[in-house]
Structure formats: C-alpha cells, structure tokens
Amino acid sequence: MINSKMIFSITVLLITPFVVENSFAQISSGGFGNSPFERDFGDVKFLDAYFGTLNQKIEVEPGDSNAPFTVVFANVGTQDITGIRGQLSLPFGLSGSDGPGLVVLADSDSNSLAGDNFHLTFFVNIDKNAQIQQYPATVKVDYSRLRESGVRTSFSDFTFKVTGDSLINVKALDPFLTSLKTNNVVIVISNDGSAPISSVDIVSGNTQTERASTASSTTNMENVVILESNWDVGNIEPGSSRQLTATVYVPENLKGDTLRVPLSISYYNAHGDSHTVDRIVDFYIKGLIDLSVYGIRVIELSDTQMIVGEIINEGNEDALFGFVTLESLGDSNIKEQKQFIDEIEIDAPVPFNIPIEFEGEPNYGEHDIKITVRYKDSVRDEIFLPYETTILVAEPSNDDDSEDYTIMIIIPIVIVIAVAIFIMRRRKKEEIQNS
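Counting in numbering that gives the first Met the number 0, the sequence shown runs from 0 upward without gaps.
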C-alpha cells in the first residue's frame, strides 16, 4: 500500500513539469494566430493602420517603394509609457524599405501619456506583382512604463489595404470654340489610375468673386458666359471616364486666343477621405465664318448662258481657299463644274459665274441645281455650305433665220440703188451727147 502511494506520488511529480510547460506555451502563443512574435499582455491598444503619415493618408499601388505606413495606437493603461519601439511583420509581396525578409522597425520620438494616442511610421516597398486588396499584418510594440524597470510588449493582428492610386485628368472632346455664337461643349473627366473615385462633384470657377480672390488670374474668363457651373458626375472606376456638357458663349475679343476654364473637382478616394483638386481645360477660340448664298440667276454673256450669284460673309473672320461647285439635281443634265474664288472676306460680297454645259443634248426649261461653297477656316478645317435652288434655262434665239431675213431685205434695196445709179448715169450720158 505504501509502495503504491509512493509510486503514484513520484509519477505525479514527473508528469507535472510537462503539464505546466504546455500550459505556459498556450499562454505565450495566446491564441492570437500564427504570429512570428511572442505574446504578452500590455497597456497598448491598436486603433488603425494605413499608408501615409499621421495627418494624411495616401494612395499607393504595386511598384511603389519607400511608402510611409502608419500604425496608430492608444495608451489605455493608467501610466505614461516611453521607449516605444515597433516591429512590423508583412505578408508576401510587401517588405521593408531595407529589403525583403527583414523585420520592419520604427521608433516613436516621444512618450505617450496615459489615455493618449501615439503612432509608429514604417517605410514599406510594394512589389510590382502585388494585388490591390486587403492584406493581414502583425505589429509588435515594446515599451516601458515610467518609474518602472523592464520592457513590456504588446501584439496586434490587423488588416490594411493596398488601395491603388487615382489619377484625374480632364480634356475637351472638341478643343475648339467659335466666337460670337453659343457652343455646346463636352468635357471628359477620366480616372487614369488604379483606384476608384466616388461622389465626384465638379464646379466651374468662372465667377467675378472667384477671380477677384486671386492675386494673379491664370484664366481669361472675363465676359465668357457658361450657363452650367456645377456637375454631379458620380463614381469613376479605374481606367474609365465620364462626360459633362456645358453651353458656352465667347465674345468677339477672344478670337485667336486660348480660353482657360478652371475646374474644381471634389471626390472621395479609396481611403474614403474627401479631396479636392484643381484642373484647367483649354480651348482655342476660332473666329466666326457666317456665309450666305444669294442672287442665283441665269444670264447670257457673249452668246453663253451662265449661272451667276454672290456669297457674303457676315462673320468676323475670312473664309480661306474658297471653291464654288455646281451640281445638278433630279432630272437635270447640267454638267458639274467648279470655280475657285479664293478668300471670302467679311462684309464684302464675292460674285461667281459658271457657264452652263449639258451632259448630252441641251434640255431647256427649269433645272434643279445645288451650289456648294467649300472653304477652310483659321485652323484649316474644311467646311461645306450647300444651297439648292431652281433655275430657268431659256432656249437661245435662231441667229441663222435672222441673218437670212436681213439678207432678204438688204438685197432688194441694193438692187434698187444699183438700178437708180444706172439710170442716172445713162441720162447724164445722153444729155452730154445731145449737147
């Protein structure tokens, strides 16, 4: 009996160290997951982790290097702490700026009072093959309590996001405006980055108050009228664009200048933070060419019937390299012809005349025709102005019959004159002989 108790006691003594050791091993790992660090309790609570500095979050994308990565904590203990030092463990595809495979270190420059927040900023490289997504990470914080010897340690598991980088560009779909008229403008807002932007709102800065608030204006929006000034664009995904439309009236004095339209773009980035950026859309102001065709009629000149008319330019810019083309419409067989008229100056009618020729037998009477004026503006864009009308081609008079009739009248007169001369000469001769 005594031997049995002794054997049982010895057995318990031998087994107890293994049980105690395994218990402490469970505490040291703490049930916190597969962390590369040992675990212990402390007075530090994890609050947030993001790319950027304490006061400003930034967007990052695969391939960025030496990007600041900030982790924010709260000192939830009852005492101030000092000697704060952090170690960051990152997943595959992200590493410290010192190189892959190394623990990322950061030190806090100041103490943290009880109840206050503090932060650690690490510098991280993002592999170019990394994905834009959420990632897990672990941070270890070593610190000391004031008036207490020894080092305490806190561990935190958290997730963070490689957000991608948004890149906003603006351009005009058609960068040319015309003075002295209303222009329908289309502006393209594109996100050329890798992160989405949301709740995009755009304001055109074209008010007198806004211009007066700047010491030196970079725009020339004076006297320019924009009927719309605010656009709610919505969300713009990476690599996509949205369009906004505006109605713009430009005065005559801006002809030949570049109009700079300022835009203020407000949006929320991938962090959910509100941002505002300023962009400028440039337009070149062309002069107005306003042509009219009038006075189309048929005249006969040197036994040739011709279509004549005039072109007037009521704009503020000359039309260049002008051509007039005559075409037949419907059943008309008038031959197509062209005439070069050169520049069409403002407020000065330019005449044109095109001889009428037929394809096949002449067809007299009414003809439907089209007069097309082709010209170029100051940026060498080719423009066509068509004008359709009806003309009357009259049958020419018969000149041969007129000549025959004239000859028939002249011949008797000539004969009478010749007979009269003959009689007069004969009488005169007889008078001479008789005398």
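In this text, a Cβ means the ideal position worked out from N, Cα and C, and glycines have one as well.
For this session: State the Cα-Cα distance for the pair Val249 and Glu358, rounded to the nearest angstrom.
Result: 48 Å
Problem set entry | Pro99 - DSSP class collapsed to helix/strand/coil | In this structure, Pro99 counts as coil in the three-state DSSP scheme.
Exercise. What whole-angstrom Cβ distance do Phe72 and Phe122 have, given they're in contact under 8 Å?
Worked result: In fact, because the Cβ distance is near 18 Å, the residues do not count as touching under 8 Å.
For this session: Provide the residue span of the beta strand (DSSP E) that contains Gly314, from first to last.
Result: Taken as a continuous stretch (DSSP letters only), Gly314 belongs to no beta strand (DSSP E), as it is neither H nor E.
Problem set entry | Leu328 versus Asp367: straight-line alpha-carbon distance, rounded | Put simply, the backbone Cα of Leu328 is about 5 Å away from that of Asp367.
Problem set entry | Alpha carbon of Ser107 to alpha carbon of Tyr142, nearest angstrom | 10 Å
Exercise. What's the C-alpha gap between Leu384 and Leu179?
Worked result: When rounded, the distance between both Cα atoms is 19 Å.
Exercise. Hey, how far is the Cα of Glu387 from the Cα of Thr275?
Worked result: 54 Å
For this session: Would you mind reading off the limits of the beta strand (DSSP E) that contains Gly364?
Result: 364 to 375
For this session: Check whether the Cβ atoms of Ile83 and Val140 lie closer than 8 Å to each other.
Result: A contact, by the Cβ cut-off of 8 Å.
For this session: Taking Thr81 as the reference, give the member of Pro261, Phe351, Arg144 with the closest Cα.
Result: Arg144
Exercise. Between which two residues does the beta strand (DSSP E) containing Asp47 stretch?
Worked result: Segment 43 to 50, the beta strand (DSSP E) holding Asp47.
Exercise. My guess is that Leu253 and Ile284 are in contact by the Cβ rule of under 8 Å, so how many angstroms apart are they, rounded?
Worked result: 5 Å
Problem set entry | Bounding residues of the beta strand (DSSP E) (the contiguous stretch that carries Ser440) | Beyond the ends of the chain as shown, which are 0 and 434, falls residue 440; an answer cannot be given.
Problem set entry | Proximity of Asn128 and Gly163 at Cβ, strictly below 8 Å | No; because the gap between Cβ atoms is not below 8 Å, this pair is not in contact.
For this session: Run the CB neighbour count on Pro135, radius 10 Å, all protein chains shown included, and call it buried at 16 or more, exposed below.
Result: Result: exposed.
Problem set entry | Limits of the unbroken beta strand (DSSP E) element including Arg259 | 257 to 267
Exercise. Leaving out the 5 sequence neighbours to the left and right, which residues in its chain are closer than 6 Å to Asp126 when beta-carbon positions are compared?
Worked result: Gly92
Problem set entry | Whole-angstrom distance between Ile188 and Leu243, CA atom to CA atom | 8 Å
Problem set entry | Classification of Ser155 by the beta-carbon crowding that lies within 10 angstroms, buried from 16 upward | buried
Problem set entry | Buried versus exposed, by CB contacts within 10 Å (16 or more), Phe339 | Of the residues assessed, Phe339 falls on the exposed side of the cut-off, its CB having fewer than 16 other CB atoms within 10 angstroms.
Exercise. Quick one: is Lys337 buried, meaning 16 or more other Cβ sit within 10 Å of its Cβ, or exposed?
Worked result: exposed
Exercise. Alpha carbon to alpha carbon, what distance is there between Ile414 and Ile422?
Worked result: 12 Å
For this session: Please name the residue in Ile370, Val392, Glu342, Ala347 whose C-alpha comes closest to that of Ser377.
Result: The shortest C-alpha separation from Ser377 is found at Glu342.
Exercise. Leaving out five residues before and five after Ser111 in sequence, what residues of the same chain have Cβ atoms less than 6 Å from its Cβ?
Worked result: Here the set comprises Asn74, Ile80, Phe117.
Exercise. In or out: Asn229 buried (at least 16 other Cβ within 10 Å) or exposed?
Worked result: Classification for Asn229: exposed.
Exercise. Is it right to say Ser331 is buried, meaning 16 or more other beta carbons lie within 10 angstroms of its own, or is it exposed?
Worked result: Ser331 is classed as buried because its beta carbon has at least 16 other beta carbons within 10 Å across all chains shown.
For this session: Give me the Cα-Cα distance between Asp449 and Ile167, rounded to the nearest whole angstrom.
Result: Outside the modelled stretch of the chain, which goes from 0 to 434, sits residue 449, for which no answer is possible.
Exercise. Which one of Gly85, Ala347, Asn312 has the shortest CA to CA distance from Arg151?
Worked result: Gly85
For this session: Using 10 angstroms around the beta-carbon of Ala66, count the other beta-carbons present and answer buried if the total reaches 16, otherwise exposed.
Result: Burial call: buried.
Exercise. How many Å lie between Asn312 and Pro61 at the Cα?
Worked result: Asn312 and Pro61 have their C-alpha atoms some 58 Å from each other.
For this session: Ignore the nearest five residues each way along the sequence and tell me which others in Val59's own chain have a CB closer than 7 Å to its CB.
Result: Phe50, Ala66, Ile125, Val161, Thr162, Asp164
Problem set entry | Beta-carbon spacing of Val70, Leu119 below 8 Å | yes
Problem set entry | Residue environment, Glu299, which counts as buried when at least 16 other CB atoms sit within 10 Å | exposed
For this session: Could you spell out the range, first to last residue, of the beta strand (DSSP E) harbouring Leu145?
Result: Where Leu145 is concerned, there is no enclosing beta strand (DSSP E), given that its DSSP letter is neither H nor E.
For this session: Express the C-alpha separation of Met305 and Ile382 in angstroms, rounding to a whole number.
Result: 26 Å
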